[in-house]
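Positions 3 to 250 (my numbering) are the ones given, in order, by the sequence shown.
The structure appears below as structure tokens.
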Amino acid sequence: MNKINLQGLLSNQALFRHISPFELEALQKEVVKVELDKGLTLFQKGDIADGSYIVVYGLVKLGIPSSHGNDKVLELIRPGQSFGEAMLFLDEPYPFYAEALEPTLLLRLPKNALFRLLEQSPLIAKQMMAGLSSRLLGFMRDVERHSLQNAKQRVIDYLLQVSGIQGTANIRLELKKNLVASLLNLSPETLSRVLHQLVEDDLIQVSGSHIRITCPESLKVYQHGDALNFRHTPENLMKNNATARHFI
Numbered sequence: 003m004n005k006i007n008l009q010g011l012l013s014n015q016a017l018f019r020h021i022s023p024f025e026l027e028a029l030q031k032e033v034v035k036v037e038l039d040k041g042l043t044l045f046q047k048g049d050i051a052d053g054s055y056i057v058v059y060g061l062v063k064l065g066i067p068s069s070h071g072n073d074k075v076l077e078l079i080r081p082g083q084s085f086g087e088a089m090l091f092l093d094e095p096y097p098f099y100a101e102a103l104e105p106t107l108l109l110r111l112p113k114n115a116l117f118r119l120l121e122q123s124p125l126i127a128k129q130m131m132a133g134l135s136s137r138l139l140g141f142m143r144d145v146e147r148h149s150l151q152n153a154k155q156r157v158i159d160y161l162l163q164v165s166g167i168q169g170t171a172n173i174r175l176e177l178k179k180n181l182v183a184s185l186l187n188l189s190p191e192t193l194s195r196v197l198h199q200l201v202e203d204d205l206i207q208v209s210g211s212h213i214r215i216t217c218p219e220s221l222k223v224y225q226h227g228d229a230l231n232f233r234h235t236p237e238n239l240m241k242n243n244a245t246a247r248h249f250i
């Protein structure tokens with residue numbers, strides 16, 4: 003951790019890319035590096051919100067705890083993304099917890115430092131508003147998907163999104179099955195059933211936490227209801243059922 007160049011990290015973040023060297027130097031004195039191992043919690047629901055965070059590398063899960071053990075996954079925060087700003091503006095405690103899903107490095111920007119920076123730089127204020135607006139739009143789209151899409155469409159949408167993020171048709175699931183199901187507002191049983199169906203239709207191949215999308219374009223067509231083009235031939239069923247049993 004001591005070898006990490008804080009100034010370099012800050013200057014490479016989109017939010018701070020256009021600030022002056024003087025502002026960057028002042029910011030560097032107040033930003034705190036936070037390193038989390040996989041499975042560690044950054045803060046709990048109800049904790050006082052005293053800073054916002056930017057993910058440098060790793061993956062952070064924002065979730066709401068459940069007394070039944072089935073936590074609700076709200077969002078995954080990836081490198082370059084930030085979270086926690088809204089609570090600072092509202093002066094409210096965090097309504098979710100934040101947990102590292104893999105080794106993660108974050109930059110913590112204290113509340114007072116953030117507000118002072120926003121007062122000094124209209125450009126940063128504009129960029130932060132754009133980021134918050136994008137997050138809000140994302141939540142609205144999630145509500146729309148959960149309301150209008152069936153289970154199969156949600157799963158396909160998720161697989162295509164992950165494929166786009168990872169830049170490959172051979173994707174690695176970032177979450178265990180129960181967490182993916184929570185993110186999609188499905189039961190784990192429903193998620194497994196949909197994945198088995200997609201395997202039977204020769205649209206994906208599953209091995210543990212890795213999924214290969216055999217043809218992204220065909221998967222998009224299937225998502226929009228053109229399932230009649232996909233036949234359940236005995237050959238496809240025999241070829242893919244064995245692969246489906248390996249799902250996490």
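Glycine included, every Cβ here is placed at the ideal spot set by N, Cα and C.
Put residue i into one of helix, strand or coil per three-state DSSP.
i, result
"residue 168", "helix"
"residue 98", "coil"
"residue 192", "helix"
"residue 42", "coil"
"residue 36", "strand"
"residue 211", "coil"
"residue 229", "Note on residue 229: pLDDT 44, under 50, position unreliable in the model; no value is reported."
"residue 82", "coil"
"residue 176", "coil"
"residue 68", "coil"
"residue 31", "coil"
"residue 21", "coil"
"residue 56", "strand"
"residue 47", "coil"
"residue 103", "strand"
"residue 116", "helix"
"residue 61", "strand"
"residue 109", "strand"
"residue 13", "helix"
"residue 197", "helix"
"residue 76", "strand"
Report yes if the C-beta of residue i is less than 7 Å from at least one heavy atom of the ligand MN; otherwise report no.
i, result
"residue 87", "For the structure depicted, the ligand MN is absent and the ligand set is empty, with no information on it obtainable."
Confirm, please, whether the CB-CB distance from residue j to residue i is below 8 Å.
i, j, result
"residue 17", "residue 126", "yes"
"residue 205", "residue 220", "yes"
"residue 32", "residue 112", "yes"
"residue 184", "residue 74", "yes"
"residue 251", "residue 105", "Examination of residue 251 is not possible in this model, given that the chain is present from 3 through 250 alone."
"residue 158", "residue 225", "yes"
"residue 85", "residue 64", "yes"
"residue 58", "residue 110", "no"
"residue 102", "residue 44", "yes"
"residue 154", "residue 199", "yes"
How close, in whole Å, do the beta carbons of residue i and residue j come, if the pair is a contact with beta carbons under 8 Å?
i, j, result
"residue 123", "residue 25", "7 Å"
"residue 162", "residue 218", "7 Å"
"residue 130", "residue 87", "6 Å"
"residue 254", "residue 188", "The structure shown does not extend to residue 254, since the chain is modelled only from 3 to 250, so the question has no answer here."
For the structure I just gave you, are there three or more beta carbon pairs, one from the region 50-57 and one from the region 70-78, closer than 8 Å? no
Stretch-stretch touch, CB-based, cutoff 8 Å, three pairs: the region 109-121 with the region 53-69: yes
Quick one: any contact between the region 200-217 and the region 172-179, if contact means 3 or more CB pairs under 8 Å? yes
Would you mind listing the alpha helix (DSSP H) stretches within the region 129-160 that are 4+ residues and don't spill past its ends, in chain order? none
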